[in-house]
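Data first, discussion second: the structure below is written as structure tokens.
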Amino acid sequence: MPVAVPVPEASATKLRFDSVLIANRGEIAARIQAACRALDLKTVCVCSEADRDAAYGKTADSFLCIGPSSATKSYLNKDALLLAARLTGAGAIHPGYGFLSENAAFAEAVEKAGLVFIGPDARSIAIMGDKISAKRAMIAAGVPCVPGPDTALPDDPSAVAQIALEIGYPVIIKATAGGGGRGMRVVAQAEQLHDAIALTREEARQAFGSAELYMEKFLRHPRHIEIQVLCDSHGNAVWLGHRDCSMQRRHQKVVEEAPAPGIAEAIIAPVGEACVKACQQIGYRGVGTFEFLYEDGAFYFIEMNTRLQVEHPVTEMTSGLDIVQEQIRAAQGVALAITQADVSCNGHSFECRINAEDPESFLSSAGVITGLNLPQGHGIRVDTHIHAGYKVSPYYDSLIAKVIVHAPTRAQAMETMRRALGDTRIDGISTNIAFLQALFQDEAFAKGETDIHYLEQWLKLRSKP
Amino acid sequence: MTSIDLTDPQTIAFLTDALTTAGVDGVEISGPSGTLRIIMSAEEKVSHAAPAPSPALSIKAPMAGIFCPPRPGSSEVPADLPRTVAAGQALGFLRLGPVLLPLAAPKAGLLTRQFVEAGALVGFGDTLFQIEPQS
Chain X
163 MPVAVPVPEA SATKLRFDSV LIANRGEIAA RIQAACRALD LKTVCVCSEA DRDAAYGKTA
223 DSFLCIGPSS ATKSYLNKDA LLLAARLTGA GAIHPGYGFL SENAAFAEAV EKAGLVFIGP
283 DARSIAIMGD KISAKRAMIA AGVPCVPGPD TALPDDPSAV AQIALEIGYP VIIKATAGGG
343 GRGMRVVAQA EQLHDAIALT REEARQAFGS AELYMEKFLR HPRHIEIQVL CDSHGNAVWL
403 GHRDCSMQRR HQKVVEEAPA PGIAEAIIAP VGEACVKACQ QIGYRGVGTF EFLYEDGAFY
463 FIEMNTRLQV EHPVTEMTSG LDIVQEQIRA AQGVALAITQ ADVSCNGHSF ECRINAEDPE
523 SFLSSAGVIT GLNLPQGHGI RVDTHIHAGY KVSPYYDSLI AKVIVHAPTR AQAMETMRRA
583 LGDTRIDGIS TNIAFLQALF QDEAFAKGET DIHYLEQWLK LRSKP
Chain E
24 MTSIDLTDPQ TIAFLTDALT TAGVDGVEIS GPSGTLRIIM SAEEKVSHAA PAPSPALSIK
84 APMAGIFCPP RPGSSEVPAD LPRTVAAGQA LGFLRLGPVL LPLAAPKAGL LTRQFVEAGA
144 LVGFGDTLFQ IEPQS
């Protein structure tokens, strides 16, 4: 379980704020509120009309509806959030994950309004938000990257074909402004290249407002490995260990674990150290995650998430740190109370994302939760905002809870998760619990080292009569 | 005792769901602001129903802000309710920093209720006033 880190004397650092507006909803709003309360900070929760009855609103110091149910008119409405901060006297804004958490313009607007953005500065977000500039920054810090140029693809088709030839097929084309698995296409052969470029360019233009693309080597059986970093504003940075998030469906993570199984410390430690160096070079502040593909003993940088991640609890369980509290302390201007030598990895942790969705079609399932039983016991943690009678809204992401377990070994952690999922009952709506239970009975998953394509193949096999 | 806004669509929807679940044919609720009658089915029952009173209008906050009364210095919920108001008449303001956003009566009628006090922080969609329109 997370343990408290020694807090430097308050007099040593003048704290920058005493109240935090939580610009998010759902389980992460509740999680951030808990961290703020532990740090004796006042909380301002905001909501859309659909979330007026949120339980975390009742425990906030202020709770304010800022707009209609549509996220674009509420949680993505920068002006409404800034107005709410001004009306309530909040000193800082925590963006959580998703919504405006990686929006450089919002971070800048928050700082311009005289408030503290709990996250890196706008410049860092902008550098890491652009795939090409991020890759350049990583190369400069010695972080290993996927083979491919660190420039946008030229317009000349013959020049693009030459780049693909030099990298070697298969290649993957990605939108430089893309993310979340969108705006990318795999090209297996030279004959497919021209059409794939044209299609991806158009998709990128429509989805991200920029048609700029880049190209990399496509790895056939990679795992998705992440490194969690924590940085203060005094040049101190540490990496808190690694996670395996290879269990993905349509590029969305389903199960995460820490540490990544079967990767020797001697292989991953230099990568972690390079991530720390990269953070120091760009003046990064707060928490962040470097995402890598891992194949045949080699790491390839994909992107950096300049925010708190959904899966941060598994690293909290193995490191014993409260990452959200650490993130807030960093934003306060407090120097890190730990060094790399203090960071350890104890035991093994899994997280299952409980989604309100049909277990077969994966379509979102809105409705009222008529009955609820959440698992409890040693080594089990549930991060959620739901309760019996809670109405799952169709307007937002289907994530309604995270079941997190911790045990001395991976096998024991899997057993604890099986028990926890068996004890979880959510009535009135459809959920993916049965699917997760089946996954935790899978032999290949139990052995570890399944790649990012495994889950899709597993689902295809399951769906066959 | 908590008052129920009988004109609130969400309240009506909730009551309708509750009646459906309970298998009840209908319900009639009377209060100071009027009468709400919900009949679940049977068209002939509807034909026997008395003419519905003109529905009360709820005036909601168009955005978050600090509620200000129409006259500076008023600090309490006005004691002169109900009172007649004209269409377009400012019932109060929302203060958004230096900007005062007027809250105008959408129709002429009888202002029967004010739900917030001067200086209160209100959110988007919070009910501020209730008016019974005059035909």
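Chains X and E supply the protein sequences, listed in that same order.
Going by this note's numbering, the first residue of the first sequence is number 163, and it counts up by one from there.
Going by this note's numbering, the first residue of the second sequence is number 24, and it counts up by one from there.
Where is the CB? At the ideal position from N, CA and C, for every residue including glycine.
Kindly identify the DSSP beta-bridge partner or partners of residue i.
i	result
Asp-406(X)	Ile-387(X) and Glu-419(X)
Thr-150(E)	Lys-83(E)
Ala-218(X)	First, the residue type needs correcting, since residue 218(X) is Tyr and not Ala in the sequence shown. Paired residues: none, contrary to the question.
Val-530(X)	Lys-553(X)
Val-505(X)	Partner(s): none; Val-505(X) has no beta bridge.
Ala-347(X)	For the sequence presented, residue 347(X) should be read as Arg rather than Ala. Per DSSP, Ile-335(X).
Met-377(X)	Ile-335(X)
Pro-156(E)	Gly-132(E)
Ser-224(X)	Val-206(X)
Just the Cα atoms here: how many angstroms apart are residue i and residue j?
i	j	result
Thr-586(X)	Tyr-552(X)	16 Å
Lys-68(E)	Ile-154(E)	Per-residue confidence for Lys-68(E) stands at a pLDDT of 43, beneath the threshold of 50, marking its modelled position as unreliable; the derived number appears in the next sentence. Spanning the two alpha carbons is a distance of roughly 29 Å.
Pro-282(X)	Leu-238(X)	19 Å
Gly-219(X)	His-547(X)	10 Å
Val-391(X)	Leu-402(X)	6 Å
Val-530(X)	Gly-584(X)	21 Å
Gly-310(X)	Leu-470(X)	28 Å
Asp-545(X)	Ala-420(X)	17 Å
Ile-389(X)	Phe-452(X)	5 Å
Met-377(X)	Pro-316(X)	11 Å
Arg-491(X)	Ile-194(X)	13 Å
His-474(X)	Pro-156(E)	54 Å
Glu-66(E)	Ser-158(E)	Model confidence at Glu-66(E) stands at a pLDDT of 42, short of 50, so the residue's coordinates are unreliable and nothing is read from them.
Gly-115(E)	Ala-269(X)	34 Å
Leu-327(X)	Ile-335(X)	13 Å
Ala-299(X)	Ala-284(X)	16 Å
Val-476(X)	Gly-541(X)	11 Å
Ala-497(X)	Val-438(X)	16 Å
Asp-223(X)	Ala-321(X)	59 Å
Quick check: residue i and residue j, are their CB atoms within less than 9 Å of each other?
i	j	result
Ala-563(X)	Glu-189(X)	yes
Arg-344(X)	Val-416(X)	no
Phe-370(X)	Ala-339(X)	yes
Phe-454(X)	Val-472(X)	no
Tyr-331(X)	Arg-385(X)	no
Thr-135(E)	Ala-79(E)	yes
Glu-605(X)	Phe-512(X)	no
Thr-532(X)	Ala-550(X)	yes
Ala-246(X)	Val-208(X)	yes
Ile-89(E)	Gly-142(E)	yes
Ala-113(E)	Ala-131(E)	no
Val-122(E)	Ala-84(E)	no
Gln-443(X)	Ala-302(X)	yes
Met-579(X)	Phe-602(X)	yes
Asp-406(X)	Gly-610(X)	yes
Under three-state DSSP, which class holds residue i?
i	result
Thr-234(X)	helix
Gln-487(X)	helix
Arg-447(X)	coil
Asp-202(X)	coil
Thr-477(X)	helix
Gly-229(X)	strand
Arg-178(X)	coil
Val-433(X)	helix
His-356(X)	helix
Leu-327(X)	helix
Val-438(X)	helix
Thr-571(X)	coil
Pro-319(X)	helix
Ile-255(X)	strand
Ala-212(X)	helix
Leu-244(X)	helix
Ser-560(X)	coil
Glu-189(X)	helix
Ala-45(E)	Residue confidence for Ala-45(E) is low, a pLDDT of 46 falling below 50, so the modelled location carries little weight; the figure read from the coordinates is stated next. Helix.
Looking only at C-alpha atoms, which of the options sits nearest to residue i?
i	options	result
Asn-594(X)	Leu-525(X), Tyr-616(X), Ala-247(X) and Ala-373(X)	Leu-525(X)
Phe-279(X)	Ser-286(X), Ile-255(X), Ile-294(X) and Arg-285(X)	Ile-255(X)
Gly-253(X)	Arg-285(X), Thr-205(X) and Ala-296(X)	Thr-205(X)
Gly-482(X)	Ala-497(X), Asp-504(X), Leu-561(X) and Ile-464(X)	Asp-504(X)
Asn-467(X)	Thr-477(X), Glu-513(X), Ser-511(X) and Val-449(X)	Val-449(X)
Met-409(X)	Tyr-616(X), Leu-621(X), Gly-590(X) and Asp-292(X)	Tyr-616(X)
Leu-117(E)	Gly-111(E), Val-139(E), Val-108(E) and Gln-157(E)	Val-139(E)
Asp-357(X)	Arg-367(X), Lys-379(X), Pro-319(X) and Gln-368(X)	Pro-319(X)
Glu-478(X)	Gln-494(X), Gly-459(X) and Cys-507(X)	Cys-507(X)
Gln-414(X)	Ala-196(X), Ala-185(X) and Ile-614(X)	Ile-614(X)
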